[in-house]
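Quick note: the sequence shown, position 52, residue 86 per our numbering, numbers continuous.
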Amino acid sequence: CTCYNAETKTSGYLLVEKNVNLQQFHEHISQSFGNVNFTLFDRNGAPIDTDEKLKALYSDNFQVIIASPKSECEVEEKAFENVQSEEVSESNMNEPSQPES
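Here it is in structure tokens:
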């Protein structure tokens, strides 16, 4: 899991087993990053507030955003930037390459 801390603008990695529930995940992030008052969001800015939402993210490398409750606007901006950069990357991959003259 890639974790982006919106407050410090840093990121890190956590190894997460697929049977970890939200409370365990929250506690592990709290211990790893030294922050106890935070909200988790997915990379699109949607809150991760249930076990089901967390488990829906499990894949090879999923991303979460760690934000203090006050910085939800910043989280939404970051999520929007991620979506835009992915759209640009996808459109670049879909464009046929131009032969050089």
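Every residue, glycine too, gets a C-beta built ideally from N, C-alpha and C.
Bear in mind the structure is a predicted one, so any value in this text is a computation, not a measurement.
- [ ] Tell me isoleucine 99's beta-bridge partners as DSSP assigns them.
- [x] Paired residues: Tyr38, Phe75.
Open item on the list: Using C-beta distances below 6 angstroms, list every residue in its chain close to phenylalanine 96, excluding the 5 sequence neighbours before and after it, in chain order.
Closed with: Counting only residues of its own chain and dropping the five nearest sequence neighbours on each side, phenylalanine 96 has a CB closer than 6 angstroms to the CB of Cys35.
TODO: Return yes when the Cβ of leucine 49 is within less than 8 angstroms of the Cβ of cysteine 37, no when it is not.
DONE: In this structure, leucine 49 does not lie closer than 8 angstroms to cysteine 37 by Cβ.
Task: Cα-Cα separation, asparagine 55 to threonine 42 - done: Going from the Cα of asparagine 55 to the Cα of threonine 42 covers about 25 angstroms.
Task: Straight-line gap, glutamine 65 to phenylalanine 59 (C-alpha atoms, nearest Å) - done: Distance between the alpha carbons of glutamine 65 and phenylalanine 59 is about 10 angstroms.
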